[in-house]
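*Asks:*
Protein chains: 2
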Amino acid sequence: MSDTRIFDNITDEEINQMKNCFKAVNRKYIEGETINNIESGSLGIVVSGVVEIIRFDFDGNRTILERINENGIFGKLFFSQIDEGDVEIICLDDSEIMFIDYDHLTKQCHNACSHHSTLIRNMLSIVSEKSIKLSNRVEILSQRTLRKKLITYFNMISKETGKKNIVIPFSLSSLSDYLCVDRSAMLREMKKMREEGLIDSHAKKVTILYDQTMF
Amino acid sequence: MSDTRIFDNITDEEINQMKNCFKAVNRKYIEGETINNIESGSLGIVVSGVVEIIRFDFDGNRTILERINENGIFGKLFFSQIDEGDVEIICLDDSEIMFIDYDHLTKQCHNACSHHSTLIRNMLSIVSEKSIKLSNRVEILSQRTLRKKLITYFNMISKETGKKNIVIPFSLSSLSDYLCVDRSAMLREMKKMREEGLIDSHAKKVTILYDQTMF
DNA sequence: ACATAATAGTTGCAAATGCAACAAATAGCT
DNA sequence: AGCTATTTGTTGCATTTGCAACTATTATGT
Chain U
-4 MSDTRIFDNI
6 TDEEINQMKN
16 CFKAVNRKYI
26 EGETINNIES
36 GSLGIVVSGV
46 VEIIRFDFDG
56 NRTILERINE
66 NGIFGKLFFS
76 QIDEGDVEII
86 CLDDSEIMFI
96 DYDHLTKQCH
106 NACSHHSTLI
116 RNMLSIVSEK
126 SIKLSNRVEI
136 LSQRTLRKKL
146 ITYFNMISKE
156 TGKKNIVIPF
166 SLSSLSDYLC
176 VDRSAMLREM
186 KKMREEGLID
196 SHAKKVTILY
206 DQTMF
Chain G
-4 MSDTRIFDNI
6 TDEEINQMKN
16 CFKAVNRKYI
26 EGETINNIES
36 GSLGIVVSGV
46 VEIIRFDFDG
56 NRTILERINE
66 NGIFGKLFFS
76 QIDEGDVEII
86 CLDDSEIMFI
96 DYDHLTKQCH
106 NACSHHSTLI
116 RNMLSIVSEK
126 SIKLSNRVEI
136 LSQRTLRKKL
146 ITYFNMISKE
156 TGKKNIVIPF
166 SLSSLSDYLC
176 VDRSAMLREM
186 KKMREEGLID
196 SHAKKVTILY
206 DQTMF
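Quick note, the sequences are listed as chains U and G, same order. So that you can map any letter, position 106 of the first sequence is 101 in the numbering used here, and since no number is skipped, the others follow by simple counting. So that you can map any letter, position 179 of the second sequence is 174 in the numbering used here, and since no number is skipped, the others follow by simple counting.
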């Protein structure tokens, strides 16, 4: 538990002491379970597992707004439409989530916990990382064509591992929900790219053959 | 200068003292000027003015990745493609930018400045706000049709002011760069929406006539 | 090992969007 | 006030993408 990044450099005794300050609650969910009843000021931190923020719109489209891994955060704060559209938070694995009160976290603590400032620094690191991920997402979605969305996405995955041989961490169906395009159109484009020799692919395994410096 | 949000609740004397710690440099730019030579670990904070992060891709598309107002932040950190594509940072007004070294900001200061933790708390607030803005952006770009992108965008602007009568803070040409769609296609769609009685619009002035609870 | 569900892959056709090439209106400048 | 540049608005046509309705393949559970 104390291996959650938000508690980096804080001792276990301190942690328990602090968790009172901002009313931290840990809750466990099983695979496939939906997380609901999140209060608006509450922040969720993924202690373990994976969750996805999904929007279902009125014409039946499913959109993966975010996939959040360990140490990632989420909260109503981040989706302006969470009340309007149908946004669901789904656990893809058995997951443990810590909910904390955002205001208590950020404001100076009355009890003056000595490690509160360490906590805030850790939080800054987590939120910064979230910003970077969101920026990457914007970069993908801002591409004008399906092909460029795919290439931008492939390049990012490839950059992480340093290999041209990538495995997509989604089902291809989910990938289309993530890229916000039609699944069949996406598969058709991948087929074209295969035919043009830009990639090699079979299901979730993709090998980049195009010149990455070009994109 | 001390009205920059990052220095909230820190006295002027303290500020000057601290600015040494993380090598803060303030620089002024005139309208239309491009900001370049940003070091990779450096973070820009908009003290005054407005800047836009623009990507020009190989087939001549212009994309507004972000528009950053006062107290907003930017940095290489946030664009994975800044080295690859042609990303420019342009001042839309006369602007003052403070550059700081991100690592010095986040790590514990050797001089143990007493207000360093206040600074980090302020930074957390700024970065959180950035995350929220980016999430909103993702929500717009994730819409599958041009019409829905427009509606989502209009709703957000409308939500800020609480009015159905909005003025788009871009030229319509820039708006299309922001929504990542073709300008003429966007204008055509707005025309259709006018004809269907969903909006009323003339240039940058748009009045929402549709039922906002529906979207 | 079999049945069933989930995922991957394909294709024709319709609809949406991009592209190009304009005209009209507005803003900025001297 | 008049000229110029920028922005806004329009439209025909080509291309891309979405939709629907399939088949094929791979996982999953008993």
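From the three backbone atoms N, C-alpha and C, an ideal C-beta is built for every residue, glycine too.
Taking a cut of 7 Å between CB atoms, which residues from the stretch 107 to 119 of chain U lie near chain G?
*Replies:* Ser112, Ile115, Arg116, Met118 and Leu119
*Asks:* With Tyr97/G as the anchor, note down where its alpha helix (DSSP H) starts and where it stops.
*Replies:* The count along the second sequence starts at 1 and reaches residue 97/G at position 102. From DSSP, the alpha helix (DSSP H) with Tyr97/G extends over Tyr97 to Thr101.
*Asks:* Just to confirm, is the Cβ distance from Ile115/U to Ser112/G under 8 Å?
*Replies:* In the first sequence, the residue the question calls residue 115/U occupies position 120. In the second sequence, the residue the question calls residue 112/G occupies position 117. Yes.
*Asks:* Tell me the start and end of each unbroken beta strand (DSSP E) in the stretch 88 to 172 of chain G that is at least 3 residues and wholly inside, in chain order.
*Replies:* 90 to 96 and 160 to 162
*Asks:* From the beta carbon of Asp78/G, is the nearest beta carbon of chain U less than 8 Å away?
*Replies:* Residue mapping note: residue 78/G aligns to position 83 of the second sequence, counting from 1. The predicted model places Asp78/G with a pLDDT of 46, which falls under 50 and marks its position as unreliable, so this point remains unresolved.
*Asks:* For the candidate residues Asp172/G, Arg189/G and Gly192/G, whose alpha-carbon lies nearest to that of Arg50/G?
*Replies:* For the purposes of this step, residue 50/G is taken as the residue at position 55 of the second sequence. Here the closest residue by C-alpha is Asp172/G.
*Asks:* By a C-beta neighbour count over all protein chains shown, 10 Å radius and 16 as the cutoff for buried, is Lys186/U buried or exposed?
*Replies:* Your numbering for residue 186/U matches position 191 in the first sequence. The residue is exposed, with fewer than 16 neighbouring Cβ atoms inside 10 Å.
*Asks:* List the endpoints of the continuous alpha helix (DSSP H) containing Asn15/G.
*Replies:* What you label residue 15/G is simply residue 20 of the second sequence in a count that begins at 1. Here the alpha helix (DSSP H) through Asn15/G covers Asp7 to Cys16.
*Asks:* Taking only the alpha-carbon atoms, compute the straight-line gap between Asp78/U and Phe53/U and give it to the nearest angstrom.
*Replies:* Translated into positions along the first sequence, residue 78/U becomes position 83. Translated into positions along the first sequence, residue 53/U becomes position 58. A caution first: Asp78/U carries a pLDDT of 46, below 50, which makes its placement in the model unreliable, though a value can still be read off. Cα to Cα, Asp78/U sits roughly 14 Å from Phe53/U.
*Asks:* Would you kindly check if the distance between the Cβ of Asp88/U and the Cβ of Gly44/U is under 8 Å?
*Replies:* Counting from 1 along the first sequence, the entry for residue 44/U is found at position 49. Counting from 1 along the first sequence, the entry for residue 88/U is found at position 93. The Cβ atoms of Gly44/U and Asp88/U lie closer than 8 Å to each other.
*Asks:* In terms of DSSP beta bridges, what is Asp195/G paired with?
*Replies:* To locate residue 195/G, count along the second sequence from 1; it is residue 200. Its beta-bridge partners are Thr202/G.
*Asks:* Please state whether DSSP places Glu83/U in a helix, a strand or coil.
*Replies:* For the purposes of this step, residue 83/U is taken as residue 88 along the first sequence, with counting starting at 1. Strand, per DSSP.
*Asks:* In terms of residues, what are the limits of the beta strand (DSSP E) holding Lys187/U?
*Replies:* Position 192 of the first sequence holds residue 187/U. It is not in any beta strand (DSSP E) - Lys187/U instead sits in the alpha helix (DSSP H) that spans Arg178 to Glu190.
*Asks:* Since Lys125/G meets chain U, which of its residues come closer than 7 Å, beta carbon to beta carbon?
*Replies:* Along the second sequence, read from residue 1 onward, the residue named residue 125/G stands at position 130. Within chain U, the residues near Lys125/G are Ser126.
*Asks:* Run down chain G in chain order and give the residues with a C-beta less than 7 Å from the C-beta of Phe73/U.
*Replies:* Working through the first sequence from its first residue, we reach residue 73/U at position 78. Result: Ser126, Ile127 and Ser130.
*Asks:* Assess contact between the stretch 187 to 203 of chain G and the stretch 147 to 162 of chain G, defined as three or more Cβ pairs (one per stretch) separated by less than 8 Å. Is contact present?
*Replies:* yes
*Asks:* Hey, out of Phe210/G, Ser120/G and Phe69/G, whose CA is closest to Cys86/G's CA?
*Replies:* The residue labelled residue 86/G in the question sits at position 91 within the second sequence. Cys86/G has its Cα closest to that of Phe69/G, out of Phe210/G, Ser120/G and Phe69/G.
*Asks:* With 8 Å as the C-beta to C-beta threshold (strictly closer), list the residues of the stretch -1 to 21 of chain G near chain U in chain order.
*Replies:* none
*Asks:* So if I threshold CB-CB distances at 7 Å, which residues from the stretch 135 to 146 of chain G count as touching chain U?
*Replies:* Leu136, Ser137 and Arg139
*Asks:* Can you tell me the Cα-Cα spacing of Arg0/G and Ile121/G, whole angstroms?
*Replies:* Stepping through the second sequence from its first residue, residue 0/G is reached at position 5. Stepping through the second sequence from its first residue, residue 121/G is reached at position 126. Whole-angstrom Cα-Cα distance: 8 Å.
*Asks:* For chain G, is any of its Cβ atoms less than 8 Å away from the one on Leu193/U?
*Replies:* Along the first sequence, read from residue 1 onward, the residue named residue 193/U stands at position 198. By this cut-off, Leu193/U is not an interface position.
*Asks:* Could you have a look at Ile1/U and say whether DSSP puts it in helix, strand or coil?
*Replies:* Within the first sequence, residue 1/U is the residue found at index 6, counting from 1. Three-state result, Ile1/U: helix.
*Asks:* If the cut is a Cβ gap below 7 Å, which residues of chain G does Cys175/U touch?
*Replies:* Counted from its first residue, the first sequence places residue 175/U at position 180. Those are Ser137 and Arg139, listed as they occur along chain G.
*Asks:* Can you say whether Ile25/G is buried or exposed, counting buried as having 16 or more other CB atoms within 10 angstroms of its CB?
*Replies:* Numbered from its first residue, the second sequence carries residue 25/G at position 30. Classification for Ile25/G: exposed.
*Asks:* Tell me the DSSP secondary structure of Ile77/U in three-state form.
*Replies:* Looking up residue 77/U in the first sequence gives position 82. Caution is warranted here: a pLDDT of 42 is assigned to Ile77/U, below 50, making its placement in the model unreliable, and no coordinate value can be reported.
*Asks:* In whole angstroms, give me the CA-to-CA distance for Lys14/U and Val20/U.
*Replies:* Your numbering for residue 14/U matches position 19 in the first sequence. Your numbering for residue 20/U matches position 25 in the first sequence. Taking the straight line from one Cα to the other gives about 8 Å.
*Asks:* Could you pull out every residue in the same chain whose Cβ sits closer than 7 Å to the Cβ of Ser168/U, ignoring the five residues on either side in sequence?
*Replies:* Locating residue 168/U in the first sequence gives position 173, where the first residue counts as 1. Arg178.
*Asks:* Take Lys18/G and list the residues in its own chain whose beta-carbon comes closer than 6 Å to its own, dropping the five residues that flank it on each side.
*Replies:* On the second sequence, residue 18/G is found 23 positions in, with the first residue counted as 1. Cβ neighbours of Lys18/G beyond the five flanking positions: Asp96.
*Asks:* Are any of the Cβ atoms in chain U nearer than 8 Å to that of Val46/G?
*Replies:* Along the second sequence, read from residue 1 onward, the residue named residue 46/G stands at position 51. Residue-level contact check: Val46/G does not touch chain U, since none of the beta carbons of chain U fall below 8 Å from its beta carbon.
*Asks:* Give every residue of the same chain whose Cβ lies closer than 8 Å to the Cβ of Ile135/G, excluding the five residues on either side of it in the sequence, and list them in chain order.
*Replies:* On the second sequence, residue 135/G is found 140 positions in, with the first residue counted as 1. Excluding positions up to five away in sequence, the list reads Lys144, Thr147, Tyr148, Met151 and Leu174.
*Asks:* Run through chain G and tell me which residues come within less than 7 Å of Val133/U, C-beta to C-beta.
*Replies:* As a first step, residue 133/U is located in the first sequence; it is residue number 138 there, counting from the start. The answer, in chain order, is Leu60, Leu129, Arg132, Val133 and Leu136.
*Asks:* Going by C-alpha distance, which of Val41/G, Gly36/G and Glu47/G is nearest Thr29/G?
*Replies:* Here the question's residue 29/G lines up with position 34 in the second sequence. Ranking the options by Cα distance to Thr29/G, first place goes to Glu47/G.
*Asks:* Using the DSSP secondary-structure output, state which residues sit across from Gly39/U in a beta bridge.
*Replies:* Here the question's residue 39/U lines up with position 44 in the first sequence. Per DSSP, Phe69/U and Phe94/U.
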